[in-house]
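Trainee: Right, I'll just put the structure down here and ask away after.
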Amino acid sequence: MTAPLAEGVPPAVREWLARGLPEADPPFTAERISGGYSMLTYRVADRSGRGWVLRHAPAGRHEGGAHDVGREARAMAALCTTPVPVPRVRLTGTADDPLGLPCHVTDFVDGHVLGNAEAAAALLEPPALRRASLDVVATLAALHTVAPDEIGLGDLGPRRSYLSRQLHRWRSVIAGAADGAPTQAAELGRIAQDLERRMPRDDRCRVVHGDYRLGNAIVGPDGEIRAVLDWELVTLGEPLADLGLLAAFWDPPAEAMLGVRLATSAPGAAGLGEALAHYAGLTGASLDDFEYHYRMACWRVAGTALRALHRYRSGVMNDAVDTSKFVAACDAWIRLANAPALGR
């Protein structure tokens, strides 16, 4: 099925947008924003060039998890009352609305996405990148100091056993995608057994982003984190899981194995050790179990690559993509999950 906005904004959707965005000056255009394999994201603009962002799940994928746009919108709307910077939610839609898919529309936040070291060096001066690398940590600390009940998110997910739930969920994902890369799936299964044996205390309850990294933030030219994006995996759980993922996309070993220089390697960025110390200082959290959460984050990302490989090969996602990159990424993250975290 073709994406609803692939050939422009249909009349019924234009009317729906105009009703929900009274300040807009129709007609609207829609341009796909690159990045991400679980949600489709568009910049919607009116006649004057004013912009908003519309996100929806792929056609036929309306279930929860990585496609729960309603959950994402609810979390962002609640967090807008906190120090955590998020885009303002303007509209939400269901499958019964004109787009025909669950979706939401937010204000467009101007700024930079620092996808790699080259982009970071080109867009930010070293002092600004240093600020961004520390501000993304401070923003995570701010998220983890929010009491879920106080912002209406106390029922966002189960309040216990986050790590057990993640293991169960991703084991299921990996098993369902094993046909595309059985060797990698078997190794991920072995790592899961080790993670289960070594699982630390698992009873803390905070809002957890689920995919927290510098590449999922909008950064101003001065290095300020203007907005945290991609909340589709948000839930309640162990906050160090977010820190583990942030570190996995920070740590130098990821560069060698993924074949890309990370934004945090550009001149000016804080090192991982400083970033971890900054988080601990702001939250008072013990990092005794950090190594575990780093490994689990790498294991999860490997599972994400395996799932993406399966979806493209099975035709669920029909964009033209070289699927060999998913195999290489899965292998890289497996090696990271089997290695100790460096840079502390």
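Per UniProt numbering, the sequence shown runs over residues 1 to 344. Ideal Cβ placement from N, Cα and C applies to all residues, glycine included.
Report the three-state DSSP secondary structure of Trp-250 (helix, strand or coil).
Mentor: In this structure, Trp-250 counts as coil in the three-state DSSP scheme.
Trainee: Taking buried to mean at least 16 other C-beta atoms within 10 Å of its own C-beta, is Ala-122 buried or exposed?
Mentor: Flag for Ala-122 reads exposed.
Trainee: To the nearest angstrom, how far is it from the Cα of Ala-178 to the Cα of Asp-46?
Mentor: Computed Cα separation, rounded: 44 Å.
Trainee: Taking only runs that begin and end inside the segment 222-283, name each unbroken alpha helix (DSSP H) of 4 or more residues, in chain order.
Mentor: Listed in chain order, the complete alpha helix (DSSP H) runs (minimum 4 residues) inside the segment 222-283 are 240-248, 252-258, 272-283.
Trainee: On a Cα-Cα basis, can you pick out the residue from Pro-102, Pro-239, Leu-309, Ser-314 that is closest to Tyr-294?
Mentor: Checking every option, the nearest Cα to that of Tyr-294 belongs to Pro-239.
Trainee: Using CA coordinates, which residue listed in Thr-323, Cys-205, Arg-198 is at the minimum distance from Glu-291?
Mentor: Ranking Thr-323, Cys-205, Arg-198 by Cα distance to Glu-291 puts Arg-198 first.
Trainee: Beta strand (DSSP E) containing Ala-217: first to last residue?
Mentor: Residues 217-219.
Trainee: Near Leu-282, what residues of its chain come up, given a Cβ to Cβ distance below 7 Å and the 5 sequence neighbours on each side ignored?
Mentor: If we look at Leu-282 and ignore the five residues flanking it on each side, its Cβ neighbours are Ala-138, Ala-141.
Trainee: Since Pro-4 contacts Val-228 with CB under 8 Å, what's their CB separation in whole angstroms?
Mentor: Between Val-228 and Pro-4 the Cβ distance is about 26 Å, and since that is not below 8 Å, they are no contact.
Trainee: Report the three-state DSSP secondary structure of Cys-80 (helix, strand or coil).
Mentor: Three-state DSSP puts Cys-80 in coil, outside helix and strand.
Trainee: Find the nearest neighbour of Met-39 within the set Leu-21, His-104, Phe-28, judged by alpha-carbon distance.
Mentor: Considering only alpha carbons, the answer is His-104.
Trainee: Look at Leu-54 and Ala-75 and say whether their C-beta atoms are less than 8 Å apart.
Mentor: For Leu-54 and Ala-75, no; Cβs fall outside 8 Å.
Trainee: Secondary structure at Gly-152, three-state DSSP: helix, strand or coil?
Mentor: Coil at Gly-152, not helix or strand.
Trainee: Measuring CA to CA, which of Ser-164, Thr-94, Ala-217 is closest to Pro-200?
Mentor: Checking every option, the nearest Cα to that of Pro-200 belongs to Ser-164.
Trainee: By DSSP, does Cys-330 sit in helix, in strand, or in coil?
Mentor: Note: Cys-330 maps to helix in three-state DSSP.
Trainee: Report back the beta-carbon spacing between Ala-329 and Ala-305 to the nearest angstrom; my notes put them in contact at under 8 Å.
Mentor: Sure, about 4 Å apart at Cβ, within 8 Å.
Trainee: Is the segment 81-101 in contact with the segment 157-176, if contact means three or more CB pairs nearer than 8 Å?
Mentor: Because the criterion of three Cβ pairs below 8 Å is not met, the segment 81-101 and the segment 157-176 do not touch.
Trainee: Just to check my reading of the structure: Gly-223 and Leu-124 have Cβ atoms closer than 8 Å, yes? What is that Cβ distance to the nearest angstrom?
Mentor: Right, the Cβ-Cβ distance comes to about 6 Å (below 8 Å), so this counts as a contact.
Trainee: Please classify Glu-187: is it buried, with 16 or more other beta-carbons within 10 angstroms of its beta-carbon, or exposed?
Mentor: Buried, by the Cβ-count rule.
Trainee: Secondary structure at Val-173, three-state DSSP: helix, strand or coil?
Mentor: Of the three classes helix, strand and coil, the one that applies to Val-173 here is helix, per DSSP.
Trainee: Going by DSSP, name the residue or residues bridged to Leu-54.
Mentor: Its beta-bridge partners are Tyr-42, Val-105.
Trainee: Between Arg-261 and Ala-117, how many whole angstroms is the CB-CB distance? I'm expecting something under 8 Å.
Mentor: That belief holds up - the Cβ atoms of Arg-261 and Ala-117 are roughly 4 Å apart, short of 8 Å.
Trainee: To the nearest angstrom, how far is it from the Cα of Val-13 to the Cα of Leu-156?
Mentor: Between Val-13 and Leu-156, the C-alpha separation is close to 29 Å.
Trainee: What do you get for Pro-26, buried or exposed, if any count of 16 or more other CB atoms within 10 angstroms of its CB means buried?
Mentor: Pro-26 should be labelled exposed.
Trainee: Determine the direct distance from the alpha carbon of Asp-322 to that of Ala-6, and round the result to whole angstroms.
Mentor: C-alpha separation (whole angstroms): 21 Å.
Trainee: Near Gly-32, which residues of its chain fall below 6 Å by C-beta distance, leaving aside the five closest residues on each side in sequence?
Mentor: The sequence shown places Arg at residue 32, not Gly. Only Tyr-42 meet the Cβ criterion.
Trainee: Under 7 Å Cβ to Cβ from Tyr-212, same chain only, skipping five residues before and after it: list those, please.
Mentor: Taken in chain order, the residues that qualify are Leu-140, Asp-242, Leu-245, Leu-246.
Trainee: In terms of DSSP beta bridges, what is Leu-91 paired with?
Mentor: Paired residues: Val-105.
Trainee: Can you give me the C-alpha to C-alpha distance between Val-113 and Ile-218, rounded to a whole angstrom?
Mentor: Those two C-alpha atoms are separated by around 5 Å.
Trainee: Quick one: give me the first and last residue of the alpha helix (DSSP H) that Thr-145 is part of.
Mentor: Per DSSP, Thr-145 belongs to no alpha helix (DSSP H) and is neither H nor E.
Trainee: Assuming contact is defined by CB atoms lying nearer than 8 Å, are Trp-299 and Ala-332 in contact in what I supplied?
Mentor: No, the pair does not count as a contact, with Cβ atoms beyond the cut-off.
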